[in-house]
Amino acid sequence: MTNTAVVAGRSAPRWQVRIASTDGTVLGSGVLVSGRHILTCAHVLHRSTVRPEAAFQVDFPRSTSGTVLRAQVPEDGWLPQLTTGQRDIAVLELDDDLPADVAPARLGRGESCIGNVARVYGHPTRIVEGVWTHGTIADTSGPHGEWMQLVGDRERIEQGFSGGGVIDSLSGRVVGIVVAAYEPLDRPAAWMIPMEVVARYWLRLDTLLNDNSKVPGLGEETVAGFVDMFTNFRSLVEDDRRKWVVDRLPDAVRLRLPERTPGAETVVRACREPHHLRILADLVEFNEGPSPWSQRLERLLKQHGVVAAKVSDAPDRLSAEDEIRLHNALLALGKFQNTSSRQDYFRLFVERHGDLPLEPTENARADALALIRVCLPIPGALRQFLDVFPHVDRQEAGFDELLLLVESLFLERLLTDAEREELVRLLAGVPAEVLADGYRRAAPPADPHDGPGVVRPDRIIAAVERCAQVPGKPPRIFSFVECVAARQSQGAEALQRWSERTAARLRLYHYELQPIRDSMASLPEIVLESALVIQLAPDAMDADLFLLAATLHRGRESEQVIESRDEPETLGAVIRRVDALFGEVFRLLDFDLSRFVVEIIVPRSLVGEPVDRWSTTDAMAAPIGSRFPVVLRSYERVHSNVLRPQWRQKSRLAKRQHEPDVRAMHYVAAAGDAAVARQVRTTLMSEEKLVLAIGGPLGSQRELSPPDAYAGALSAGIAYMVWVRDGTLADRFRDAISEVLRTMLVRELPAVVADWRMRADETDPTDLGWQISLLVCDEDRIPMQFASRELRSPTMKGQP
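Numbering (the numbering used here), first residue to last: 97 to 896.
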């Protein structure tokens, strides 16, 4: 861009400031915004993020006095650019009075000037006396939408213009300061920080903006009243407490504050928007507890229309399948089928909820569908409809089932959309094991819902919100978040701050949240389990040959294939290859040996194989089971969708078990035949049954048919099976397993069996540690490399 005019000093605006270092080197421009304050860009004064201590020289090109003044950066006037690109603002405070022919600028808001022509006066390197340039104010852009673009045709905005005021040609107001420039070949451009953005960070500017009617906050008199009110709270008077409050304010507020702990008045002024003022009040009251001053503050907030944030207004949504379930549940009620009763329900519901387009007809099916469609856009409306049922009608068969269905389909919203979105973001990357453990600790022991299903932050948050709350206790979401925070070495502080902000909005107090946090502080750290998962698939052509595949797992979400062979081999050859796999495992995985497990997926023909006795060799050979926990998994179960629903249910029941109970075990003396299989399946279908124990070896057979106790347990979904390979040890085995389940949870059985194996006496063949087989199938982690495809034997010559 070429210069349109080189002007004498007196042609510059009266508010124009030229900034120089102490040796007289011109650094850039500034805007006089008050009798003592100059606004510019932080990079004009100093490239470092550290506040400059030295004084600067400033003069005024329009003034005929030739006065040069000293100015320094006050503590609240240094807002250097963040790594995100935001801010880059600095304020200079004058030591002396202004010349008589200098005056502060009239300020305006850049957002109201889009499309207007603007003028900028700056001091580029070659023209230290100053020069005008022109451009058009385009729309918002830059980091986080804080900048506004200035577009010119030929003129150039370059170094020396930074910090200079941008004058809107229509109003004559200064609406921003130049912050950056870009010089492509075809069209030059620059950017400004609008005054309303500066006011977010340097709070004194808020009251200097002339167009106060457009400031989206409370008036100065009202803000001053809140300043007086908040200074009665220790949470803002005492430095340590005030820092605690500031650290929990929204980012948009904290970015306005100086990096050092600001004073109480500065904090309150930073929260001048009503929703931020509400957050500040919630945090102060959370920190201090109930008091007469809290009551006065609440009255003042109510007087000025400052209300609490609303929970989600998003309409409820149903899948087509769930809509059919709800429709059928309504029609299952005899009272709903009765036209007279249905009309009464609709009339009461419309009266309580207001004007709704809901008119009952003679057709119950049509009315049920109309009710669902009317209620869906209104959060909680179906719950309110059920509230109109008289007590006697609630005793009718089917009402409890309808109530449970409504509760499971429609969350009674606890969190705001912003709180939920922030929590999902904070939980991203948290291991599934940690999330699942947090859910188990937060959910009630007899949770009627089916848990979160896939362990994903959004789903697990919804599952916790869906749980029934304990009257008089903080919502369960806080137990979940505090448990996850206690398990995390990184991100814990952010999660705890989320808890505190959310608890404050819900009008809880710190002494209600603190016991939950204290109870979680002693939880042992969850070390992610590493697993070597080995699969032996039967060859399609020769059942005595097997295809070997192996994956290495870290937690539940990371898999790495380390072996995948398409050449079928004998069992002996497979065992030798398994031994060789461990060298590759140790090379690839830096793991905690105390959390390493070997899982071997075998078909029915190999279930009786003592895989824990297979040898692994380092300096000397030893059974795998003497070094690592080893469990079997069922090949048929992993690859069969038919067996999965009941297995999922039993696996989740085992995870939700809260108290040891020996009745969780069903014992049979031998694997038996089809009659035993039927008896085992029938018994194990009971929800209390979680383990099958067999007092003898499993017979060798290639298929699940003819069925035996093992097949019956698979059909019932049992995730834990344990048997003794030497039938002469049956009594000792039964007593030992019974004692374990009398004092420990079912899910702790693998650790107990692993301990027995590692302590087993090698010279005693009757030691139970050498004779126990354990099958454990965790439905939460299905090896995807195996579940998605099966290895097949290579195509024979002549086959297509």
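C-beta atoms are modelled at their ideal positions from N, C-alpha and C, and glycine is treated no differently.
Remember, predicted model here, so these are calculated numbers, not experimental data.
- Rounded to whole angstroms, the gap between the alpha carbons of L619 and G259 is 54 Å.
- Spatial neighbours of T236 in its own chain (CB-CB distance under 6 Å, excluding positions within 5 residues in sequence) are listed in chain order as M244.
- According to the DSSP assignment, D675 belongs to the alpha helix (DSSP H) that extends over L667 to L684.
- Boundaries of the beta strand (DSSP E) harbouring P719: A717 to P719, taken from the DSSP string.
- When DSSP states are grouped into helix, strand and coil, D757 belongs to the coil group.
- One Cα belongs to G679, the other to C563, and the distance between them is close to 46 Å.
- The residue among S730, I671 and N737 with its C-alpha nearest the C-alpha of D708 is I671.
- Take the alpha-carbon of H735 and the one of L643: they are about 15 Å apart.
- Bounds of the beta strand (DSSP E) holding A789 are V787 to I790.
- Here L396 carries a helix assignment [DSSP, helix/strand/coil].
- According to the DSSP assignment, I210 belongs to no beta strand (DSSP E), since it is labelled neither H nor E.
- Listed in chain order, the non-local C-beta contacts of P370 below 6 Å within the same chain comprise V402, local neighbours out to five positions each way being set aside.
- In the same chain as A617, and ignoring 5 residues on each side of it, the C-beta atoms closer than 8 Å to its own belong to A582, in chain order.
- According to the DSSP assignment, Q245 belongs to no alpha helix (DSSP H) but to the beta strand (DSSP E) extending over W243 to V247.
- Membership of E189 in the beta strand (DSSP E) is indicated by the continuous run I185 to L190.
- In terms of Cβ geometry, I814 and K746 form a close pair [threshold 7 Å].
- Here Q391 is not bridged, per DSSP, to any residue.
- By a beta-carbon distance limit of 8 Å, I790 does not contact A770. Their separation comes to about 16 Å.
- Here M817 carries a strand assignment [DSSP, helix/strand/coil].
- Between L194 and the set Y217, G206, C209 and V154, the nearest pair of CA atoms involves V154.
- Annotation note: the region 135-187 contains the following uninterrupted beta strand (DSSP E) runs of length 3 or greater, listed N- to C-terminal: 152-155 and 164-168.
- P706 is the residue among E171, R733, E732 and P706 whose C-alpha sits nearest the C-alpha of G721.
- In the three-state reduction of the DSSP assignment, L702 falls in the helix class.
- Put simply, the backbone Cα of I612 is about 10 Å away from that of H606.
- Only buried fits E596, as 16 or more other CB atoms lie within 10 angstroms of its CB.
- Y731 and G808 have their C-alpha atoms some 15 Å from each other.
- About 14 Å separates the beta carbon of A348 from that of R374, a gap too long to meet the 8 Å contact definition.
- Counting the other CB atoms within 10 Å of its CB gives F152 a total of 16 or more, which places it among the buried residues.
- Of the candidates G568, L301, T121 and R700, the residue whose Cα lies closest to the Cα of G173 is L301.
- Going by C-alpha positions, A524 is about 47 Å away from V488.
- By the beta-carbon neighbour count (other beta carbons within 10 angstroms, threshold 16), I573 is buried.
- The DSSP-derived three-state label of M291 is helix.
- Counted as a single uninterrupted DSSP element, the alpha helix (DSSP H) harbouring R330 occupies residues R330 to V333.
- Distance between R661 and A646, taken at the CA atoms: about 9 Å.
- With a threshold of 16 other beta carbon atoms within 10 Å, S331 meets it and is buried.
- Shown here, I556 sits in a helix according to DSSP, grouped into three states.
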